[in-house]
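Heads up: the sequence shown begins at 491 in the working numbering, then just goes up one per residue.
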Amino acid sequence: MGNAHFMILHDCSVYAISRLGQSSFFLGKFLWFAVLIVALSGSIYRIEKFSFLYKQYPVVVSLKMDRKQSLMFPAVTVCNINRLKTEGIRCLIPSNMKPNSIGPPLIFSESRELYFCKTDQNSSRENEKDQLQTNFLTFYYSLSERSRFELGHNPMDFMANCSFNGRLCSRSRFRYFTDFRFGNCITFNNQRKGMSPLKISNAGVDSGLILRLKLESSHYLKVTHTSGARVVIHDPSEAPNPDQNGFNVSPGFETTISLKQTVYHRLPAPYKDYCLDYKAQTTNFMKSKDACVRTCMQQWYLEKCGCIDRMLSSMNDQEFCRLTNATEACCLVRVLEYLAENEITCNCPLPCNSVYFNEKVSSAVLSPQTFINRTYCERGSSKTIIKEDYVRLNIFYSSLERQIYEQRPKWETPEFLSFLGNELGLWLGISLLTLFDLFEKLVIFIKHEVVSRIFCGLQRKLFVKK
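Take a look at the structure:
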């Protein structure tokens, strides 16, 4: 490097570079060059180490307690555990009905219990029970959705009484649907177009939703082994999933369900949860995390078995696995076992915004004297039988205070740039203004080199001509 080059570095704002240009002795220039290399290496090491941590995109979670004047009440879905009423199918299904060769599909969760899918088949009595279950499911899935609804428990009879915040419930707040596992269900307070979810402004036992359900247990099928109702507490904007969520309540009891709302706000990719805003998705199979998982499993079934599980209610345009085909029915079981054993999961991240209600369930025995209408007793009905046919639900907020968990980036872009400035300032004495000075020196250096080369080229041409 010539003297002209060192002159450019002479007044550089980076001290080590400036001393490198000012030093008159070779040893001095060498020592300052060594210092510059060590400082540059140290800053690069520290910046690279921090950059690695920054690219992990860590988050910090803040907890905030928020007390509202009014709080959104959740949607409540109730289903009768019994799918069909006995009198509705007596004339439709013979007791000795046998599956035919083109039987309809089976609910996946129940196919694991069928005798031809079990490894231990020594009990003939168990096989007979399985055969009875198989016969019923064969008939049940041969019905259309409308027929299943009509043959099930009438929602108007099932919902004997409903009051919200001390007033009778409006029928417009109810939504009826049929679930493969639990038959006819009723949802109260789901979100629909032109109708916002109800809010509550008081906490306590008498300020929420009170339901009286009539189970009609005398009309239960033999394949229904328990009596009661299925209850799901969920976000009004989400579809209920009674098969995977919720809990059962028994007849003859008043079940109180105390709620306390918790809200989670997560960060999308590239942060660790890779959350997804399902509500913003346009396709139905991605409207919720549950719908995403169902579609993922159906894709596995279709790939491995050539058919899908009808219970999952997704990709219904594909062929369903048949109950009477042991290969197809048991293939569903083997696929699920394969996924579990190999710890294979679906790419269905958590929702970016979710609400949980932290249910606390307790129950007490109903009193026939205060619960049963006199008209039933006058007709000669037993108080005990009537009491065991009813469920009373009391759902309320224990507090209007809610917990909000919110993820925030541990380091944002300004903090990353601040760290770079600190390290460069510590090791090299570089600031933002110094960078502009270095840029200026670089431009001068390049200009000097270009001008020098052009000048030398012209001199050679003139010398050749002479």
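C-beta: ideal position from N, C-alpha, C; glycine also.
(message) Among the candidates L711, Y791, F678 and S662, whose CA atom is the shortest distance from the CA of G684?
(response) In the sequence shown, counting from the first residue as 1, residue 684 sits at position 194. Residue S662 is the option with its Cα nearest to G684.
(request) Take the Cβ of V933 as the centre, count every other Cβ of all protein chains shown within 10 Å, and call the residue buried at 16 or more, exposed below. (result) Working through the sequence shown from its first residue, we reach residue 933 at position 443. V933 is exposed by the Cβ-count criterion.
(request) Go through its chain and collect everything with a Cβ distance to V855's Cβ below 7 Å, but skip five positions before and after it. (result) Numbered from its first residue, the sequence shown carries residue 855 at position 365. Excluding residues within five positions, the ones whose Cβ falls inside 7 Å are G742 and F743.
(message) For the ligand ADP, is there any heavy atom lying closer than 6 Å to the beta carbon of A770?
(response) The ligand ADP is not among the ligands present in this structure, which contains no ligands whatsoever.
(request) For P726, collect the residues of the same chain with a Cβ closer than 6 Å to its Cβ; drop the 5 residues on either side in sequence, then sort them by chain order. (result) Taking the first residue of the sequence shown as 1, we reach residue 726 at position 236. If we look at P726 and ignore the five residues flanking it on each side, its Cβ neighbours are A565, N679, N680, Q681 and P687.
(message) Can you tell me whether P841 is buried or exposed? The criterion is at least 16 other CB atoms within 10 Å of its CB, across all chains shown.
(response) The residue given as residue 841 occupies position 351 in the sequence shown. Buried, because 16 or more other Cβ atoms sit within 10 Å of the Cβ of P841.
(message) Please list the terminal residues of the continuous beta strand (DSSP E) segment that includes G642.
(response) For this step, residue 642 is matched to residue 152 along the sequence shown. G642 -> no beta strand (DSSP E), and no H or E assigned at all.
(message) Taking 6 Å as the limit between beta carbons, can you name the residues of its chain near D780, skipping five residues before and five after?
(response) Locating residue 780 in the sequence shown gives position 290, where the first residue counts as 1. Excluding five sequence positions before and after D780, the CB atoms of its chain that fall closer than 6 Å to its own CB belong to N731, given in chain order.
(message) Between the alpha carbons of G915 and L925, how many angstroms are there, rounded?
(response) Position 425 of the sequence shown, counted from the first residue, corresponds to residue 915. Position 435 of the sequence shown, counted from the first residue, corresponds to residue 925. Using only the alpha carbons, I get a separation of about 11 Å.
(request) With DSSP as the reference, label N832 as helix, strand or coil. (result) Along the sequence shown, read from residue 1 onward, the residue named residue 832 stands at position 342. Residue state for N832 is assigned as coil, using DSSP reduced to three classes.
(request) Tell me, please, which residues DSSP counts as bridged to P564. (result) Sequence index remark: in the sequence shown, residue 564 carries index 74 (1-based). According to DSSP, which records beta bridges pairwise, P564 is partnered with nothing at all.
(request) Please name the residue, chosen from R812, P758, N837 and C811, that lies closest to C786 on a Cα-to-Cα basis. (result) Taking the sequence shown and counting its residues from 1, the one referred to as residue 786 is at position 296. When only C-alpha atoms are compared, the closest one is N837.
(request) In the DSSP assignment, find the beta strand (DSSP E) that holds V739 and state where it starts and stops. (result) Working through the sequence shown from its first residue, we reach residue 739 at position 249. The continuous beta strand (DSSP E) containing V739 extends over residues F737 to V739.
(message) Let me confirm a value: E818 is counted as buried when at least 16 other C-beta atoms fall within 10 Å, else exposed. Which label applies?
(response) Translated into the one-based positions of the sequence shown, residue 818 becomes position 328. By the neighbour-count rule (16 or more Cβ atoms within 10 Å), E818 is buried.
(request) Reducing DSSP to helix, strand and coil, say where N806 ends up. (result) Within the sequence shown, numbered from 1, the residue matching residue 806 stands at position 316. DSSP places N806 in coil when its eight states are reduced to three.
(request) Can you tell me which of the three DSSP states S1008 falls into? (result) Beyond the ends of the chain as shown, which are 491 and 956, falls residue 1008; an answer cannot be given.
(message) Taking a contact to mean a Cβ-Cβ separation below 7 Å, would you say F847 touches G698 in this structure?
(response) Stepping through the sequence shown from its first residue, residue 847 is reached at position 357. Stepping through the sequence shown from its first residue, residue 698 is reached at position 208. In terms of Cβ geometry, F847 and G698 do not form a close pair [threshold 7 Å].
(request) Please work out which residues of its chain come closer than 8 Å, Cβ to Cβ, to L574, disregarding the five sequence neighbours upstream and downstream, and give them in chain order. (result) As a working mapping, residue 574 is identified with position 84 in the sequence shown. Closer than 8 Å at Cβ, skipping near neighbours: Y630, R638, L641, G642, G673 and L711.
(message) Does E833 pass the burial test, meaning 16 or more other C-beta atoms within 10 Å, or should it be called exposed?
(response) As a working mapping, residue 833 is identified with position 343 in the sequence shown. Per the 10 Å Cβ criterion, exposed.
(message) Applying the 10 Å Cβ sphere with the 16-neighbour rule, what's the burial state of A770?
(response) As a working mapping, residue 770 is identified with position 280 in the sequence shown. Result: exposed.
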